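S.K.: Residue numbers (our numbering): 188 to 467. Here a beta-carbon is modelled for each residue, glycine too, at the ideal position from N, C-alpha and C. Owing to the predicted nature of the structure, the values given are computational and were not obtained by experimental measurement. Quick one: structure below, then a few questions.
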């Protein structure tokens, strides 16, 4: 486990506490709101859970990461159904939120904590949902609507040597387009969507001129949502950065990136992430 006593870790744990309190508040508000669909709150909950998951993966808080990921899957399923969550779904999501809050209070012992019961309860929600979205396998790890064939890849990287290495490697898996800053990346993504040829994978450097990678991810996810595409079904976005940019990495998860890789990029880790998201 990464050192949890440093300032960055403490800031993450404090942010987690705030995220989880907000999640609980929004879930209770949805519960009180009746049968109407509150997509705004559901989206806010999903973003907060994703932020908890991203930081937990960085700090190797494995059980918190597992709970957050399973919550993401349930929330993605609910949002795909386009119906208000049931009282049972809200009850279990609240239990999961409370369990993560408990683990956050004792992070160094969290990986040894018992989460089997709440994980089973979350799994029961996924198993009991017989909607078309469930049958199609819409989860936080599946890209819905992905067709077979070569990938469409966008590589946003301003460093020439890193760009050449990644472009050479990724080109073997499909059509690889290049952007040298965040502005170019956003415009390339916009053009691809307008042409009906969305990207499957985006590798996004964080520190770039004109527009940084975090802002680019925020705009890309906003374009997807404007077309009714959830981040779980959109492009898979892998951030690339240096160890010194750890704080920025965590902030990127708040904008709904899917993973991060530290530079220099380990190509074995990159292909591992691609396999994880069923891109290869």
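#1: Can you give me the Cβ contacts of residue 274 inside the same chain, cut-off strictly under 6 Å, excluding the 5 residues immediately before and after it?
#2: If you measure between the beta carbons of residue 410 and residue 369, is that distance less than 7 Å?
#3: Give the DSSP-derived three-state secondary structure of residue 423 in the structure shown.
#4: Going by Cα to Cα distance, which pick from 269, 465, 242 and 210 is closest to residue 198?
#5: Which residue from 209, 204 and 234 puts its Cα closest to that of residue 408?
#6: Per the DSSP calculation, residue 250 is bridged to which residue(s)?
#7: Quick one, which of 396, 412, 306 and 433 has its alpha-carbon nearest residue 377's?
#8: Quick one: what does DSSP say residue 305 is sitting in, helix, strand or coil?
#9: Mind reading off the beta-carbon distance from residue 452 to residue 349? Whole number of angstroms is fine, and I expect it under 8 Å.
#10: Can you tell me where the alpha helix (DSSP H) holding residue 404 begins and where it ends?
#11: Can you tell which of 264, 390 and 456 has its C-alpha closest to the C-alpha of residue 373?
#12: Taking the CB atoms as reference points, tell me whether residue 401 and residue 371 lie closer together than 7 Å.
#13: Compare the beta carbon distance of residue 417 and residue 356 with 7 Å and say whether it is the shorter of the two.
#14: Using the C-alpha atoms, what's the distance from residue 414 back to residue 383?
#15: Can you tell me whether residue 465 is buried or exposed, with buried defined as 16 or more other CB within 10 angstroms of its CB?
#16: Given a cut-off of 7 Å on the beta-carbon distance, is the pair residue 282 and residue 338 in contact?
#17: Answer with buried or exposed for residue 434, where buried requires no fewer than 16 other C-beta atoms within 10 angstroms of its C-beta.
#18: With the cut-off set at 7 Å, would you say residue 248 and residue 297 are in Cβ contact?
#19: Could you check whether residue 229 and residue 266 sit closer than 7 Å to each other, using their CB atoms as the reference points?
#20: Identify, in the order they occur along the chain, each residue of the same chain with its Cβ nearer than 8 Å to the Cβ of residue 458, setting aside the five sequence neighbours on each side.
#21: Considering only the alpha carbon of each residue, which of 203, 268 and 225 lies closest to residue 237?
#22: Please check the pair residue 309 and residue 261, which I expect to be a contact at CB under 8 Å, by giving their CB distance rounded to whole angstroms.
M.R.: In brief:
#1: If you number the chain shown from 1, residue 274 lands on position 87. Residues of the same chain with a CB within less than 6 Å of the CB of residue 274, apart from the 5 flanking positions on each side, do not exist.
#2: Position 223 of the chain shown holds residue 410. Position 182 of the chain shown holds residue 369. Not a contact, by the Cβ cut-off of 7 Å.
#3: On the chain shown, residue 423 is found 236 positions in, with the first residue counted as 1. Here residue 423 sits in strand by DSSP.
#4: To locate residue 198, count along the chain shown from 1; it is residue 11. The shortest Cα separation from residue 198 among 269, 465, 242 and 210 belongs to 242.
#5: To locate residue 408, count along the chain shown from 1; it is residue 221. Considering only alpha carbons, the answer is 234.
#6: Here residue 250 refers to the residue found at position 63 of the chain shown. BP columns for residue 250 are empty, so no partner.
#7: For the purposes of this step, residue 377 is taken as the residue at position 190 of the chain shown. Residue 377 has its Cα closest to that of 412, out of 396, 412, 306 and 433.
#8: Residue mapping note: residue 305 aligns to position 118 of the chain shown, counting from 1. DSSP places residue 305 in helix when its eight states are reduced to three.
#9: The residue you call residue 452 lines up with position 265 of the chain shown. The residue you call residue 349 lines up with position 162 of the chain shown. That belief holds up - the Cβ atoms of residue 452 and residue 349 are roughly 7 Å apart, short of 8 Å.
#10: Sequence index remark: in the chain shown, residue 404 carries index 217 (1-based). 400-413 is the span of the alpha helix (DSSP H), which, as asked, contains residue 404.
#11: Position 186 of the chain shown, counting from 1, holds the residue named residue 373. With distances taken between Cα atoms, residue 373 lies closest to 390.
#12: In the chain shown, counting from the first residue as 1, residue 401 sits at position 214. In the chain shown, counting from the first residue as 1, residue 371 sits at position 184. No.
#13: One-based indexing of the chain shown puts residue 417 at position 230. One-based indexing of the chain shown puts residue 356 at position 169. The answer is no: Cβ separation not under 7 Å.
#14: For the purposes of this step, residue 383 is taken as residue 196 along the chain shown, with counting starting at 1. For the purposes of this step, residue 414 is taken as residue 227 along the chain shown, with counting starting at 1. So the alpha carbons of these two residues sit roughly 12 Å apart.
#15: Position 278 of the chain shown, counted from the start, is the residue given in the question as residue 465. It is exposed - the Cβ of residue 465 has fewer than 16 other Cβ atoms within 10 Å.
#16: The residue you call residue 282 lines up with position 95 of the chain shown. The residue you call residue 338 lines up with position 151 of the chain shown. Result no, Cβ atoms of residue 282 and residue 338 do not sit closer than 7 Å.
#17: Locating residue 434 in the chain shown gives position 247, counting from the first residue. Burial state of residue 434 is exposed, judged by a 10 Å Cβ sphere holding fewer than 16 other Cβ atoms.
#18: Position 61 of the chain shown holds residue 248. Position 110 of the chain shown holds residue 297. Contact flag set, yes.
#19: Within the chain shown, the letter at position 79 stands for residue 266. Within the chain shown, the letter at position 42 stands for residue 229. Cβ distance < 7 Å, so residue 266 and residue 229 count as in contact.
#20: Stepping through the chain shown from its first residue, residue 458 is reached at position 271. So the list reads 467, once near-sequence residues are dropped.
#21: Translated into positions along the chain shown, residue 237 becomes position 50. Answer by Cα proximity: 203.
#22: One-based indexing of the chain shown puts residue 309 at position 122. One-based indexing of the chain shown puts residue 261 at position 74. With a Cβ gap of about 6 Å, residue 309 and residue 261 count as contacting.
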